[in-house]
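S.K.: When the letters of the sequence shown are read in order and numbered with my numbering, they come out as residues 1 to 299.
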Amino acid sequence: MKSGFVGIIGRPNVGKSTLLNSILGEKIAITSSKPQTTRNAIRGIWTRMEDGEPVAQAVFIDTPGIHKPKNRLGSYMTGVSANTLKEVDVILFLVDSPYEGENSGDGFILKMLKAANTPKILVINKIDTIGPEAFAQIYSTYEEMGLFDAIIGTCATQGRNVDVLLKKIEEYLEEGPMFFPEDMITDHPERFLVSEIIREKLLMYLEQEIPHGVAVEIESYEEGENLTRIGAVIYCERQSHKGIIIGKQGRKLKGIGKAAREEIEALLGTKVYLETFVKVKEHWRDSDIAISNFGYRKE
Ligand SMILES: Nc1nc2c(ncn2[C@@H]2O[C@H](COP(=O)(O)OP(=O)(O)OP(=O)(O)O)[C@@H](O)[C@H]2O)c(=O)[nH]1
Ligand SMILES: [Mg+2]
Numbered sequence: 001m002k003s004g005f006v007g008i009i010g011r012p013n014v015g016k017s018t019l020l021n022s023i024l025g026e027k028i029a030i031t032s033s034k035p036q037t038t039r040n041a042i043r044g045i046w047t048r049m050e051d052g053e054p055v056a057q058a059v060f061i062d063t064p065g066i067h068k069p070k071n072r073l074g075s076y077m078t079g080v081s082a083n084t085l086k087e088v089d090v091i092l093f094l095v096d097s098p099y100e101g102e103n104s105g106d107g108f109i110l111k112m113l114k115a116a117n118t119p120k121i122l123v124i125n126k127i128d129t130i131g132p133e134a135f136a137q138i139y140s141t142y143e144e145m146g147l148f149d150a151i152i153g154t155c156a157t158q159g160r161n162v163d164v165l166l167k168k169i170e171e172y173l174e175e176g177p178m179f180f181p182e183d184m185i186t187d188h189p190e191r192f193l194v195s196e197i198i199r200e201k202l203l204m205y206l207e208q209e210i211p212h213g214v215a216v217e218i219e220s221y222e223e224g225e226n227l228t229r230i231g232a233v234i235y236c237e238r239q240s241h242k243g244i245i246i247g248k249q250g251r252k253l254k255g256i257g258k259a260a261r262e263e264i265e266a267l268l269g270t271k272v273y274l275e276t277f278v279k280v281k282e283h284w285r286d287s288d289i290a291i292s293n294f295g296y297r298k299e
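1) Helix or strand or just coil, what does DSSP make of PRO54?
2) Report the residue from LYS27, ILE9, ALA56 whose alpha carbon sits nearest the alpha carbon of PHE179.
3) For THR186, which option in ALA58, GLU53, ARG39 has the closest C-alpha, if you only look at C-alpha atoms?
4) For GLY107, count neighbouring C-beta atoms within 10 Å of its own C-beta (all shown protein chains included) and say buried if the count is 16 or more, exposed if not.
5) State the beta-bridge partners of LYS279 as determined by DSSP.
6) Is the closest heavy atom of ligand 2 to the C-beta of SER17 under 7 Å?
7) When you compare only the Cα positions, how much space is there between GLU217 and GLY250?
8) Per the DSSP calculation, GLY146 is bridged to which residue(s)?
9) Assuming contact is defined by CB atoms lying nearer than 8 Å, are ILE42 and SER81 in contact in what I supplied?
10) With respect to the beta strand (DSSP E) encompassing LEU122, which residues constitute its N-terminal and C-terminal limits?
11) Would the C-beta of GLN208 count as close to ligand 1, meaning under 7 Å from any of its heavy atoms?
12) Looking at ILE264: is its Cβ nearer than 8 Å to the Cβ of VAL194?
13) In terms of residues, what are the limits of the alpha helix (DSSP H) holding LYS254?
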């Protein structure tokens with residue numbers, strides 16, 4: 001039995017969470033076209049079976065995109081990624097574009113990677129949007145650095161080459177125990193996944209800075225026989241944002257709530273009654289206490 005922890009690291013929006021979902025064949029990490037979607041370390045468990053017996057298990061840790069923080073939430077997020085780097089057995093470094101030098105975001109991450117004495121796989125994601133020439137150029141730039149044990153191109157949205165990547169990862173796992181039962185794909189509680197689904201819909205329906213200043217707190221969660229009742233509070237940073245989130249005659253919030261409810265029902269396999277409230281908490285992203293209360297803290 002081989003096992004280990006695998007960190008997924010990279011700049012915001014390169015497709016880390018999409019890759020995790022693709023590996024698991026199920027959606028546990030929220031994704032969006034906007035950068036800085038992921039705020040916590042998201043754990044996903046992949047177990048490979050052979051003749052009904054588990055032969056390999058990798059615990060993947062999807063991390064927030066590493067960026068120059070503009071507030072305390074950003075510092076927390078980047079801290080999560082930096083700590084994950086130190087704790088894992090294999091590192092996947094995801095990129096989706098050519099290397100732009102030492103002073104770029106990828107350059108900053110490379111410095112952190114150099115300090116880690118851990119097998120590293122470079123994953124060039126979004127190969128569906130990168131032409132063969134550009135791919136070859138990205139490949140050779142990173143190969144010349146001599147930092148990576150392997151380089152693999154993937155398309156996370158279509159699952160292309162993910163099997164090849166998993167085979168490669170397995171080569172770097174060492175003899176070890178099963179950390180989780182074979183049928184488990186994440187150890188995050190359902191409440192957390194529910195709050196994330198709501199946040200994903202906020203990211204989808206809202207523009208610019210507003211979704212980045214949003215936090216979701218599950219206030220009540222009652223599981224009945226045929227119905228789960230969930231009360232969620234959406235915190236935003238300004239009174240004007242609250243108005244935009246609610247929308248004319250409450251239409252925007254209704255749309256967000258409906259989209260979230262449908263996905264939560266699929267996740268829980270039961271009917272859901274979702275009630276949402278919008279509250280204002282000014283500058284919460286710069287308050288350590290608020291950040292921690294919203295669940296952005298070391299576990
Ligand atoms: N064309 C294409 N788009 C992709 C691919 N992988 C991810 N995306 C898209 O890229 C965007 C960002 O994906 P995420 O998975 O949220 O990216 P992330 O790296 O987790 O981003 P953060 O959590 O903000 O750090 C989404 O719109 C995805 O659908 C891919 O292989 N090809
Ligand atoms: Mg993400």
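Virtual Cβ for every residue (Gly too), placed ideally from N, Cα, C. These numbers come from a predicted model, not from an experiment.
M.R.: The relevant details are as follows:
1) In the sequence shown, the residue the question calls residue 54 occupies position 54. PRO54: strand per DSSP, three-state reduction.
2) Taking the first residue of the sequence shown as 1, we reach residue 179 at position 179. The shortest C-alpha separation from PHE179 is found at ALA56.
3) Along the sequence shown, one-based indexing puts residue 186 at 186. When only C-alpha atoms are compared, the closest one is ALA58.
4) By 1-based counting over the sequence shown, the position of residue 107 is 107. It counts as exposed.
5) Translated into the one-based positions of the sequence shown, residue 279 becomes position 279. Note: LYS279 sits in a beta bridge opposite TYR235.
6) For the purposes of this step, residue 17 is identified with residue 17 of the sequence shown, where counting begins at 1. True, at least one ligand heavy atom lies under 7 Å from that Cβ.
7) Counting from one through the sequence shown, the residue named residue 217 turns up at place 217. Counting from one through the sequence shown, the residue named residue 250 turns up at place 250. Their backbone Cα atoms lie some 20 Å apart in a straight line.
8) Your numbering for residue 146 matches position 146 in the sequence shown. Answer is none; GLY146 lacks a bridge partner.
9) As a working note, residue 42 is residue 42 in the sequence shown. As a working note, residue 81 is residue 81 in the sequence shown. Result no, Cβ atoms of ILE42 and SER81 do not sit closer than 8 Å.
10) What you label residue 122 is simply residue 122 of the sequence shown in a count that begins at 1. It spans 120–124 - the beta strand (DSSP E) in which LEU122 sits, taken as one unbroken run.
11) Position 208 of the sequence shown, counted from the start, is the residue given in the question as residue 208. Taken from the Cβ of GLN208, every heavy atom of ligand 1 lies 7 Å or farther away.
12) Along the sequence shown, one-based indexing puts residue 264 at 264. Along the sequence shown, one-based indexing puts residue 194 at 194. In this structure, VAL194 lies closer than 8 Å to ILE264 by Cβ.
13) In the sequence shown, residue 254 corresponds to position 254, counting from 1. Looking at the DSSP string, the run of the alpha helix (DSSP H) that includes LYS254 is 251–268.
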